[in-house]
Amino acid sequence: MGDLQTAALKLAEAQSAPAWLADVRRRGAERFAATAWPNRRTENWKYTSLAALANKELSAPTAATTTVPEQDLIAFDAYKLVFVNGILDTAQSDELPAGAVAFANAEGPQVEQVQKHLGRIADSSQHLFAALGEAASGEGVLLHIKAGQKLDKPLYLVNYSSGEAAQLAATRLLVVLETGAEAEVVEQFLSSDNEQANLVAAQTEIVLADNARVKHYRLNLEHEGVTHMGGVFVELGRDANFDGFAIAKGGELIRNDYVLEHCGEGAHVELQGVYMPRGRQVVDYHTNIKHRVPHCTSNEVFRGIIGDRAKAVFNGRIHIFEDAQKTLAELSNKNLLTSNRAEIDTKPELEIYADDVKCAHGATVAQLDDDALYYLQTRGVSKEQAKVMMSFGFINELIQTIDNEAVMNHLLPILAEQFGRENELLQLEAESFDAL
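Numbers in this note's numbering are just positions in the sequence shown, counted from 1, shifted up by 38.
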């Protein structure tokens, strides 16, 4: 076990937690300690180095004394929960809705739900940082919606990293939707400034019973110093529906694993994502959609814009099991390199063991088209403006599919900043681009 593993494990074990979580935490600690530190020969980490992470000196998480800046928050009517360095800050949070409870306050049936599902969907024996999250699962929230009920407004979790020393910030979200239940969940990850250097271990598990529906947003908007090791793990029952959107604009290293498993016929997954690393940032998405039963569908679309010396990794896997006849599954990953030094490693995978399915996957890597740039310049658009218009148009198609208007409106100025332009100009240029 390396120095980082040893230090992280000690911090995780020192975290306060309810006694009834002891077995879960012990299991995570044992698996984290027993797992070899990934290197380039480890298939799931072949294109992403953890060398910088291995040299981090971590300290115990501490609650910040400052509040999350208002302008960083999404302005909408939601149940807001704020975690600062992985610790729930009740002073900045709203009252929890019916069905939601912090692990520390769970009782009776709530404890049973957590013990029944936590760590079952996110298999910590297969995911190193899921094991770390399990070992440090003292801070977490359960959202349990009973059969036929709908959460009246979104559950909004703000995970804020702050402080000068690099801290281990571990959070855990467990969503359990019974038959026919519905909910919308927005997870936003922020940091205080560019010097902030936390290791964020954030795992989300979602259990969808028959006919349950969830809309899920995971917004990685941290600054450059943050290392984020996250995962979203979903189990779908019969006719269940998962509608997800992910965005990562960069960080020292942002790694998100999505593992979605069709366990009931008629289930559907819609997953879209955008990543835009710049400078020397690294963004890594690993997705795995497992079709275990017949008559299920999935549609996955990710697009990336990689600039400067940044690097992105996309590994999208669709696994069709032998019994999963009549499956419809599609995966698309398109990438735009805006610098000769930018790098993308994309690897779409199809693994099919059923013979009556319809599946497609593909990936592209391209640079801005010189003819299109010239065309725009001949119509009075500067070269820099033309690059912004074409880059924004590349991802705008996905941004416009976001159902939650407040989330979409919150992201637009952030994208404008990413492209180095004013929001109003970006919108104007986008409209002009669409009109051409």
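Note that the Cβ used here is the ideal one computed from N, Cα and C, for glycine as well.
- Identify, in the order they occur along the chain, each residue of the same chain with its Cβ nearer than 7 Å to the Cβ of L474, setting aside the five sequence neighbours on each side. Here the model assigns L474 a pLDDT of 42, short of 50, so the residue's position is not dependable, and the following value carries that caveat. Excluding positions up to five away in sequence, the list is empty.
- Query: In terms of residues, what are the limits of the alpha helix (DSSP H) holding S370?
  - Reply: For S370, no alpha helix (DSSP H) run applies; the uninterrupted beta strand (DSSP E) run containing it begins and ends at 366-375, by DSSP.
- Task: Count the other CB atoms, across all protein chains shown, that sit within 10 Å of the CB of T416; report buried if there are 16 or more and exposed otherwise.
- Result: It counts as exposed.
- Item | H329 beta carbon less than 8 Å from that of A362 | The Cβ atoms of A362 and H329 sit closer than 8 Å to each other.
- Can you tell me whether N353 is buried or exposed, with buried defined as 16 or more other CB within 10 angstroms of its CB? Looking at its Cβ environment, which holds 16 or more other Cβ atoms inside 10 Å, N353 is buried.
- Query: If you check the beta carbons only, do L212 and V152 fall under 8 Å apart?
  - Reply: In this structure, the beta-carbon distance from L212 to V152 falls below 8 Å.
- Query: Since N337 sits in a beta bridge, which residues does DSSP pair it with?
  - Reply: Answer is E308, E368, bridged to N337.
- Message: For a test of the three-state rule: what should DSSP assign to A473, helix, strand or coil?
- Response: Residue placement at A473 is flagged as unreliable, the pLDDT there being 47, under the threshold of 50; the coordinate-derived value follows with that caveat. Residue state, collapsed to three classes: helix.
- Message: Run through the DSSP bridge pairs and tell me what Y296 is partnered with.
- Response: Partner(s): V270, T325.
- Query: If we count Cβ pairs, one from each stretch, closer than 8 Å, do we get three or more for the segment 122-134 versus the segment 263-273?
  - Reply: Below 8 Å, too few C-beta pairs join the segment 122-134 and the segment 263-273 to call them touching: fewer than three.
- For V238, which beta-bridge partners are listed by DSSP? Answer by DSSP bridge pairing, in chain order: A207, H266.
- Task: Take E387 as the anchor and find which of A221, I343, R64, A367 has the nearest alpha-carbon.
- Result: Measuring C-alpha to C-alpha distances from E387 to each of A221, I343, R64, A367 identifies A367 as the nearest.
- Item | Continuous beta strand (DSSP E) stretch holding G171: start and end | That residue, G171, is in no beta strand (DSSP E); its alpha helix (DSSP H) goes 166-173.
- Message: Can you give me the C-alpha to C-alpha distance between L453 and Q43, rounded to a whole angstrom?
- Response: For L453 and Q43, the distance between alpha carbons rounds to 35 Å.
- Item | Cβ-based burial, Q226 [other Cβ within 10 Å; buried from 16] | Buried is the call here.
- Go ahead and pull the three-state DSSP assignment for F419. According to the sequence as given, residue 419 is Val; it is not Phe. Note: V419 maps to coil in three-state DSSP.
- Which residues in the same chain as D408 place their Cβ atom closer than 6 Å to its Cβ, once the five residues preceding and following it in sequence are excluded? Within the same chain, no residue comes within 6 Å of D408 by CB-CB distance, once the 5 residues on both sides are set aside.
- Classify E262 as buried or exposed, calling it buried when 16 or more other Cβ atoms lie within 10 Å of its own Cβ. Buried, since its Cβ has 16 or more Cβ neighbours within 10 Å.
- So what does DSSP say about K84, is it helix, strand or coil? DSSP places K84 in coil when its eight states are reduced to three.
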